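Novice: Right, I'll just put the structure down here and ask away after.
Numbering (my numbering), first residue to last: 134 to 305.
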């Protein structure tokens with residue numbers, strides 16, 4: 134964990150040292166999602182996985198508004214010899230601010246819609262950080278990390294997890 138914090142700090146310093154004051158272009162990204170459950174939610178669930186789409190639209194210098202939708206599947210740990218799969222469709226809106234040419238911070242809010250009967254819909258909030266490296270004229274590869282929390286709803290625990298997203302951004 135200390136190495137991750139150190140690497141993040143070094144990446145942040147590098148990003149701040151190469152600030153590029155330009156307005157980013159609109160992007161559409163497709164990503165793979167991985168969710169590492171925490172707290173009480175982590176006591177009952179294993180690694181979650183899925184995919185997402187995200188649209189990013191510039192509104193000011195280095196500031197973009199975002200809209201995203203995806204699918205996350207969680208499998209319970211073995212309870213009485215059984216494992217249960219639970220799917221969610223997170224739909225969120227938010228903002229992304231580039232602190233430098235590649236390094237960004239983000240925040241989103243929205244809903245996590247359960248795909249099973251009785252699971253319901255929960256309020257979702259997501260602060261995060263990431264890096265976005267260009268690989269072609271309009272395309273880039275993004276790696277982001279976030280904390281994601283959902284309201285309790287009718288469940289016994291409020292789900293929360295550390296999410297990782299590896300995505301390809303298409304310039305529009």
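The C-beta atom is built at its ideal place from N, Cα and C for all residues, glycine as well.
Quantities reported herein were computed from a predicted structural model and do not represent experimental measurements.
#1: Alpha carbon to alpha carbon, how far is residue 169 from residue 285? Give it in angstroms, no decimals.
#2: At what residue ranges does the segment 173-236 contain a whole run of the alpha helix (DSSP H), taking only runs of 4 or more?
#3: Taking C-beta to C-beta, are residue 184 and residue 211 nearer than 7 Å?
#4: Can you give the Cα-Cα distance for residue 238 and residue 261, rounded to whole angstroms?
#5: Let me check one thing: in DSSP terms, what residues is residue 163 bridge-paired to?
#6: Quick one: Cα of residue 257 to Cα of residue 173, how far?
#7: Would you report the Cα separation of residue 271 and residue 263, rounded to the nearest angstrom?
#8: Quick check on this structure: which residue in 236, 179, 208 and 198 has the alpha carbon closest to the alpha carbon of residue 266?
#9: Using a threshold of 7 Å, state whether the C-beta atoms of residue 244 and residue 254 are closer than that.
#10: In this structure, how does DSSP classify residue 292 when only helix, strand and coil are distinguished?
#11: From 231, 251, 201 and 208, pick the residue whose C-alpha is nearest to that of residue 288; which is it?
#12: Sorted by chain position, which residues of the same chain lie with C-beta nearer than 6 Å to residue 200's C-beta, five sequence neighbours on each side aside?
#13: Quick one: what does DSSP say residue 284 is sitting in, helix, strand or coil?
#14: DSSP on residue 259, reduced to helix/strand/coil?
#15: Have a look at residue 157 and residue 191 and give me their C-alpha separation to the nearest angstrom.
Specialist: Quick look at the numbers:
#1: Start at 1 with the first residue of the chain shown, and residue 285 comes out as number 152. Start at 1 with the first residue of the chain shown, and residue 169 comes out as number 36. Rounded to whole angstroms, residue 285 to residue 169 spans 18 Å at the Cα level.
#2: none
#3: In the chain shown, counting from the first residue as 1, residue 184 sits at position 51. In the chain shown, counting from the first residue as 1, residue 211 sits at position 78. Going by C-beta atoms, residue 184 is not nearer than 7 Å to residue 211.
#4: If you number the chain shown from 1, residue 238 lands on position 105. If you number the chain shown from 1, residue 261 lands on position 128. Using only the alpha carbons, I get a separation of about 6 Å.
#5: The residue you call residue 163 lines up with position 30 of the chain shown. For residue 163, which the question treats as bridged, DSSP gives the partners 186 and 301.
#6: On the chain shown, residue 257 is found 124 positions in, with the first residue counted as 1. On the chain shown, residue 173 is found 40 positions in, with the first residue counted as 1. Cα-Cα distance, rounded: 17 Å.
#7: Here residue 271 refers to the residue found at position 138 of the chain shown. Here residue 263 refers to the residue found at position 130 of the chain shown. Straight-line Cα distance between these residues: approximately 18 Å.
#8: Residue numbering aside, residue 266 sits at position 133 when the chain shown is read from its first letter. Among 236, 179, 208 and 198, the Cα nearest to that of residue 266 is on 236.
#9: As a working mapping, residue 244 is identified with position 111 in the chain shown. As a working mapping, residue 254 is identified with position 121 in the chain shown. Taking 7 Å as the Cβ cut-off, residue 244 and residue 254 qualify as a contacting pair.
#10: Stepping through the chain shown from its first residue, residue 292 is reached at position 159. Looking at residue 292 - three-state DSSP - the assignment turns out to be coil, as it is neither helix nor strand.
#11: Along the chain shown, one-based indexing puts residue 288 at 155. Per the Cα distances, 251.
#12: Walking along the chain shown from the start, residue 200 turns up at place 67. Contacts found: 188 and 226.
#13: In the chain shown, residue 284 corresponds to position 151, counting from 1. Looking at residue 284 - three-state DSSP - the assignment turns out to be coil, as it is neither helix nor strand.
#14: By 1-based counting over the chain shown, the position of residue 259 is 126. In the structure shown, residue 259 sits in a strand (DSSP, three-state: E or B).
#15: One-based indexing of the chain shown puts residue 157 at position 24. One-based indexing of the chain shown puts residue 191 at position 58. Using only the alpha carbons, I get a separation of about 6 Å.
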